[in-house]
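Notes to accompany the following structure.
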Amino acid sequence: MIIISDIKNQYGNAMALAIICCRVYFKTAMATDLNAFICNNNIDWIVFFKTCRKHRIRPLVYKIILKATLPEEIQKRISNELNKISLQSFDQARETERLILLLQQNNINVIPYKGTAFSKQFFGTISMRESSDIDLVIDSNDITKAIHTLENDGFQSHQKNYYYSLGHKQFIKRHKDFNFDKYTGNSRQYHVELHFNIISKNIYVSKYQNDFKTSSLGKDSLFKEQVSILNPIEHFRAISLHHMLQDGMGYLKTVVDVSQGLIKMEMIENSALSNSFEKETLKEMNTNYDLQIIQLLIRDLMGIEFKIENVKNNSNKTLTTKILSSSYKKNITFELPFLEILKFYYNYSTETMKYYKKTKHKSLFLIKNLLTVLTPQSNDFMAVNLNKNLYFFYYFIRPFRLIFFRNNPK
């Protein structure tokens, strides 16, 4: 576990305070440590608020820090923000449940994923994770019906014309989800993502690993009604793959999620009640992906010691530094788009390939990543609407857009 004073000296008081709050939650630090740090350091609260927001850990951190002795105005601000986030979580849970029941009435079965569902299943309450989306697992064959149902309910999708132009078969071959938005005036009220796969098709995973396994479902209530939920191990598998391969474990929310998930996985593994589905899912995860990297990262940041056999890796200092320095970038915004995208993919590729255990999978991941730079993407198709017989022109349009219009699909 990295000493808090080292984090403070290198990355500042705000980051050190956020880490202490996480450690208090995971019981690897004491409330007295938190109070002592606040008392003995001149906290830049504005930077602290920005850090928690950027790393998307406000609910967890704020609930912990409110138990400490704080300046009155800071306590008031944190309480107000936490209440606002909690109300948003309840609203999302209510809307998630309503959409599940609405879609079921139209013979479309969906399962809540990430967001309030993961929070309830792994943290025990719907309001411990910061999330702006409503995520639902759906059978890809139900997308057309879902478009009709949700449009009648007031939702709209910027992907609709693109979906019909490309065709259903090609769309699901290229994408993992279909998205909708509902607006109140000019303000977006809800963003809904219907997921038929876990990981972007631009990232290498086998089809079997990229499919949601829905053969072993449970039941739980997000708001009032009982709804079907993913098996906790399947939910953990999906979240972990997403955080590892798409997010690159780049910010504290991903670390907190996987930490809580691994704690629950150990409980299930040690339970005599674990079934063959759960054992096989865990075995598959450990066979294909190097979870040891994440376990060591969690040890360094959160102070949680997991049972690690045959330790082969040292701490990933590059990853730890990226998180603590808040240098994670999901979007590409430099002035030279083409050079930036090459740099972005290089850094992403070299860091993410470490999560694959097998050399073959590392190679396939790198090849897939290279092809992604060269292969037309959804923004290319939406930027210029060509007849299907002229689709080969998109391969010429792609480099032109990367150089001149990287962030503008229009």
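The sequence shown lines up with residues 282 to 691 when you count with this note's numbering.
All C-beta atoms, glycine included, are put in the ideal place defined by N, C-alpha and C.
Would you identify the three-state DSSP class for residue i, choosing helix, strand or coil?
i: G499; result: strand
i: E621; result: helix
i: Y394; result: strand
i: N460; result: strand
i: S400; result: helix
i: Y532; result: coil
i: F674; result: helix
i: K691; result: Residue placement at K691 cannot be trusted, given a pLDDT of 42 that sits under 50; the coordinates are not used to answer.
i: T631; result: helix
i: F615; result: Below a pLDDT of 50, predicted positions are generally treated as unreliable, and F615, at 45, falls in that range; the measurement from the model is reported next regardless. Three-state DSSP puts F615 in coil, outside helix and strand.
i: Q437; result: strand
i: T465; result: strand
i: Y637; result: strand
i: Y626; result: helix
i: R455; result: helix
i: E586; result: coil
i: M525; result: helix
i: Y444; result: helix
i: V665; result: coil
i: H516; result: helix
i: A299; result: helix
i: A427; result: helix
i: I276; result: What is shown of the chain runs 282 to 691, which leaves residue 276 out entirely.
i: H449; result: helix
Terminal residues of the continuous alpha helix (DSSP H) containing residue i?
i: S413; result: Unbroken run through S413: none, as it is neither H nor E.
i: R375; result: 353 to 386
i: D285; result: Note that residue 285 is Ile in the sequence shown, not Asp. 285 to 292 is the extent of the alpha helix (DSSP H) around I285.
i: T653; result: 640 to 655
i: T313; result: 312 to 321
i: M566; result: 557 to 569
i: T406; result: Run containing T406: none; DSSP gives neither H nor E here.
i: Y489; result: 488 to 491
i: I480; result: Per DSSP, I480 belongs to no alpha helix (DSSP H) and is neither H nor E.
i: Y343; result: 339 to 346
i: T599; result: 598 to 605
i: K308; result: Careful: K308 lies outside any alpha helix (DSSP H) and carries neither H nor E.
i: I324; result: Premise fails: I324 is in no alpha helix (DSSP H) and is neither H nor E.
Do residue i and residue j have their C-beta atoms within less than 8 Å of each other?
i: L511; j: I392; result: yes
i: L347; j: Q356; result: yes
i: T562; j: I514; result: yes
i: I479; j: Y532; result: no
i: V473; j: I415; result: yes
i: T313; j: I585; result: no
i: L578; j: T601; result: yes
i: L667; j: F677; result: no
i: T377; j: L503; result: yes
i: Y570; j: Y489; result: no
i: M296; j: I288; result: yes
i: N431; j: F461; result: First, the residue type needs correcting, since residue 431 is Leu and not Asn in the sequence shown. It is a contact, given that the beta carbons lie within the stated cut-off.
i: L298; j: I324; result: yes
i: L647; j: M634; result: yes
i: V418; j: F493; result: yes
i: F662; j: Y443; result: yes
Can you tell me where the beta strand (DSSP E) holding residue i begins and where it ends?
i: R702; result: The requested residue 702 does not occur in the structure, where the chain is confined to residues 282 to 691.
i: V508; result: 507 to 510
Given a threshold of 16 other Cβ atoms within 10 Å of its Cβ, counted over all protein chains shown, does residue i qualify as buried or as exposed?
i: H456; result: buried
i: H449; result: exposed
i: H719; result: Past the edges of the chain, shown from 282 to 691, lies residue 719, and the structure says nothing about it.
i: T397; result: buried
i: G542; result: buried
i: L651; result: exposed
i: Q402; result: buried
i: T266; result: The requested residue 266 is not part of the displayed model; the chain covers only 282 to 691.
i: F681; result: exposed
i: T523; result: Residue identity check: residue 523 is His in the sequence provided, not Thr. It counts as buried.
i: E550; result: exposed
In angstroms, rounded to a whole number, what distance separates the CA positions of residue i and residue j?
i: E616; j: S644; result: Since pLDDT at E616 reaches only 49, below the 50 mark, its modelled position is unreliable, and the value read off the structure follows with that caveat. So the two alpha carbons sit approximately 31 Å from each other.
i: G293; j: F307; result: 22 Å
i: H516; j: E353; result: 40 Å
i: C302; j: L315; result: 7 Å
i: R518; j: M566; result: 7 Å
i: T653; j: H439; result: 22 Å
i: K335; j: K639; result: 33 Å
i: I285; j: K545; result: 26 Å
i: R379; j: I389; result: 13 Å
i: M583; j: Y627; result: 28 Å
i: P690; j: L526; result: Caution is warranted here: a pLDDT of 43 is assigned to P690, below 50, making its placement in the model unreliable, and the coordinate value is therefore given only provisionally. Rounded to whole angstroms, P690 to L526 spans 25 Å at the Cα level.
i: Q373; j: S607; result: 28 Å
i: E621; j: V665; result: 23 Å
i: T631; j: Y609; result: 15 Å
i: I428; j: K441; result: 8 Å
Please tell me whether residue i has its Cβ less than 8 Å away from any Cβ of chain B.
i: F477; result: The displayed structure is made up of one protein chain only, and chain B is not part of it.
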